[in-house]
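S.K.: Here it is: the structure, laid out below.
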Amino acid sequence: MEFPDLGKHCAEETCKQLDFLPLKCDVCKQDFCKDHFTYAAHKCPFAFKKDVQVPVCPLCNNPVPVKKGEIPDVVVGEHIDRDCKHRPWKKEKIFTYRCSKEGCKKKEMLQVACDQCRGNFCIQHRHPLDHGCKRGSRPMSVAGCSAVRASESKLSGALNTLSSSWLAQRFRSKVKR
Numbered sequence: 054m055e056f057p058d059l060g061k062h063c064a065e066e067t068c069k070q071l072d073f074l075p076l077k078c079d080v081c082k083q084d085f086c087k088d089h090f091t092y093a094a095h096k097c098p099f100a101f102k103k104d105v106q107v108p109v110c111p112l113c114n115n116p117v118p119v120k121k122g123e124i125p126d127v128v129v130g131e132h133i134d135r136d137c138k139h140r141p142w143k144k145e146k147i148f149t150y151r152c153s154k155e156g157c158k159k160k161e162m163l164q165v166a167c168d169q170c171r172g173n174f175c176i177q178h179r180h181p182l183d184h185g186c187k188r189g190s191r192p193m194s195v196a197g198c199s200a201v202r203a204s205e206s207k208l209s210g211a212l213n214t215l216s217s218s219w220l221a222q223r224f225r226s227k228v229k230r
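Be aware that the sequence shown starts at 54, since it is given in the numbering used here, and climbs by one per residue.
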């Protein structure tokens with residue numbers, strides 16, 4: 054038993070395959086098999102109406118708008134010459150923040166600003182005590198205060214242990230005599 058009205062033949066001249074589930078081209082409105090339904094496969098003469106591609110600049114990765122009738126390569130070339138943000142001949146400096154401490158020539162990638170004098174310093178001179186900060190005698194931040202207290206307590210603790218051991222030796226020498 055045959056179904057003469059079931060399915061359609063592929064509109065491609067070289068194929069003409071009977072397909073029971075044909076695909077219709079949304080531009081030229083012809084029926085095609087699964088092998089020829091794309092615009093390129095059946096060389097659709099009206100593909101330019103639907104097959105719109107936006108070229109991307111190879112340098113800055115931004116889409117470049119192309120108007121109808123313009124050649125994409127020419128438009129991308131004009132974009133590179135005029136509007137492109139990427140400038141390979143102009144290198145951006147990574148280490149741009151120079152230390153404000155006199156005599157120091159180090160540069161940092163990130164800005165390290167003092168909370169008191171608002172100067173920019175390298176990692177070595179970032180603390181107010183390290184760069185001889187002229188504003189205020191105590192650090193403004195909580196971390197700075199705790200660091201100063203810790204260093205003071207270590208110094209006083211070391212002096213106390215030295216003095217107590219010295220005192221203990223004096224007593225021992227008197228006891229032995």
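We put the beta carbon where it would ideally sit given N, CA and C, even for glycine. In this text, all values refer to a predicted model and were calculated from it rather than measured experimentally.
Based on Cα-Cα distance, which residue from Val-107, Asp-84, Leu-59 lies nearest to Cys-97?
M.R.: Asp-84
S.K.: DSSP three-state call for Val-184: helix, strand or coil?
M.R.: The question names Val, but residue 184 is His in the sequence shown. Helix at His-184.
S.K.: Quickly, what does DSSP pair Pro-116 with across the bridge? List them, please.
M.R.: Val-109
S.K.: For His-89, count neighbouring Cβ atoms within 10 angstroms of its own Cβ and tell me buried if that reaches 16, exposed if not.
M.R.: In the assembly as shown, His-89 is a buried residue. Its beta-carbon has 16 or more other beta-carbons within 10 Å.
S.K.: Could you spell out where the alpha helix (DSSP H) holding Gly-132 opens and where it closes?
M.R.: Correcting the residue identity first, residue 132 is His in this sequence and not Gly. From DSSP, the alpha helix (DSSP H) with His-132 extends over 125 to 135.
S.K.: How about Ile-147: is its Cβ closer than 8 angstroms to a heavy atom in the ligand COA?
M.R.: Ligands in the displayed structure: none, and consequently the ligand COA is not present.
S.K.: Kindly indicate which residue of His-95, Cys-167, Lys-146, Arg-135 has the alpha-carbon position closest to the one of Thr-67.
M.R.: Among His-95, Cys-167, Lys-146, Arg-135, the Cα nearest to that of Thr-67 belongs to His-95.
S.K.: Give the DSSP bridge partners of Phe-73, in chain order.
M.R.: Paired residue(s): none; Phe-73 is not in a bridge.
S.K.: Determine the contact status of Cys-152 and Cys-175, defining contact as a CB-CB distance below 9 angstroms.
M.R.: yes
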